[in-house]
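**Student:** Residue numbers (my numbering): 299 to 690. Below: one structure in structure tokens.
Listed below in structure tokens is the structure:
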């Protein structure tokens, strides 16, 4: 099995420890980066910055020195709380590694918050997968690689697609099964705008491309120690942006996002109020043979594994009054009236109106926007109820 610093991974790998300090020293000289540093660190002096660069002798030290304080500032300014459950299912640092597969809500913070939670639990920092479509400037690419992120090439040519998918698959296998580092991967390409979180079998198929000759899909996936993670934000600051995108697609089916749209989503996600944020760790899938024994084809194997990941995520969601208010509003009843007060209902309705007002849209489109935002908060609850056989 190759090491992840092998030349084969050169085009997608993060920086390695021996490269870090020189890269950081160059990075902090850039004007855009200095503006960000002053935003999060206040009136940082040249001497203080030099000491931070001196401490950045590895990926781990860079994250601890530069990124941890940024996450703590974001938590202080825009969240009520960040919590985790299922910590007993996490493997201790230095032992076997895990592939965390989660639902995807926020472009940056899903992986950043997971990194922070695992670090705070004494488990180190996992590597993260990030699409190259988000690397819209060179300094962002540099920071991402310093953050131990590896690059997912989103739009390779047809000829390159299999080559790049195999490279990505081998990188993840080498990292996890090779005992180097745990990895975080979103369950689907991009965020699910309506919060109907489903694991794409294409993601799992990519993971199986690194299988040895004669090795089954279930055997390969078992080696990756897949651990489902359910992420819940009480408030999604980007909900109105997601609804706006759905409206644009409805009005013009050929509409496509511009690079600036991703930047706006990233900034809004970082700065917007999120309320309570919770990560729930599921059971690691060590032996997939029992889950997949009824499968007759490779595609059925992938489908069954995806369904098990989804089942755990749906079961593990944490719910807040918003979710119950949205569910009742969409379904025209009071099934969950006991789960929220009139004050909490009024607070969410006011929030909803404020989010809709942020979208420049004709009044006749406001109902569509309202329904789409309600779906974002109600759908996780609906999937939970169906999975736990409580839906009626």
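For each residue, glycine too, the CB sits at the ideal point set by N, CA and C. These numbers were taken from a predicted model, which means no experiment stands behind them.
1) Touching or not, the region 537-552 and the region 336-349, by the rule of three or more beta carbon pairs under 8 Å?
2) Can you tell me whether residue 526 is helix, strand or coil according to DSSP?
3) Taking residue 493 as the reference, which of 305, 366, 669, 319 has the closest Cα?
4) Could you give the C-beta distance for residue 582 and residue 524, rounded to a whole number, given that I count them as a contact under 8 Å?
5) With distances taken from CA atoms, which of 405, 680, 473 is nearest residue 488?
6) Residues in its own chain within less than 8 Å of residue 465 by CB, not counting five upstream and five downstream?
7) With residue 425 as the anchor, note down where its alpha helix (DSSP H) starts and where it stops.
8) With DSSP collapsed to three states, give me the class of residue 447.
9) Would you kindly check if the distance between the Cβ of residue 427 and the Cβ of residue 382 is under 9 Å?
10) Hey, out of 333, 598, 364, 477, whose CA is closest to residue 500's CA?
11) Terminal residues of the continuous beta strand (DSSP E) containing residue 578?
12) Quick one: using the 10 Å Cβ neighbour count with 16 as the cut-off for buried, is residue 449 buried or exposed?
13) Check whether the region 386-396 and the region 467-483 are in contact - that is, three or more C-beta pairs closer than 8 Å.
14) Compare the beta carbon distance of residue 402 and residue 463 with 9 Å and say whether it is the shorter of the two.
15) Can you give me the C-alpha to C-alpha distance between residue 458 and residue 483, rounded to a whole angstrom?
16) Do you know offhand how far residue 618's Cα is from residue 649's?
17) Give the list of continuous alpha helix (DSSP H) stretches no shorter than 4 residues that lie fully inside the region 586-661.
18) In this structure, how does DSSP classify residue 470 when only helix, strand and coil are distinguished?
19) Tell me residue 531's beta-bridge partners as DSSP assigns them.
20) Between the Cα of residue 625 and those of 664, 643, 336, spot the shortest distance and give me the residue it belongs to.
21) Would the region 650-662 and the region 506-523 be scored as touching if the rule is three or more Cβ pairs under 8 Å?
22) Ignore the nearest five residues each way along the sequence and tell me which others in residue 437's own chain have a CB closer than 6 Å to its CB.
23) When we look at the beta-carbon of residue 467 and count the other beta-carbons within 10 Å, is it buried (16 or more) or exposed?
**Tutor:** This is what the structure holds:
1) no
2) strand
3) For the set 305, 366, 669, 319, the Cα lying nearest the Cα of residue 493 is the one of 669.
4) Confirmed, Cβ separation roughly 7 Å.
5) 405
6) 306, 307, 309, 310
7) Here residue 425 belongs to no alpha helix (DSSP H); instead the beta strand (DSSP E) covers 425-429.
8) Residue 447: strand per DSSP, three-state reduction.
9) In this structure, residue 427 does not lie closer than 9 Å to residue 382 by Cβ.
10) 598
11) 573-579
12) buried
13) yes
14) Contact flag unset, no.
15) When rounded, the distance between both Cα atoms is 21 Å.
16) 14 Å
17) 587-590, 596-614, 619-629, 640-655
18) helix
19) DSSP lists 575 as partners of residue 531.
20) 643
21) no
22) 328, 330, 331
23) buried
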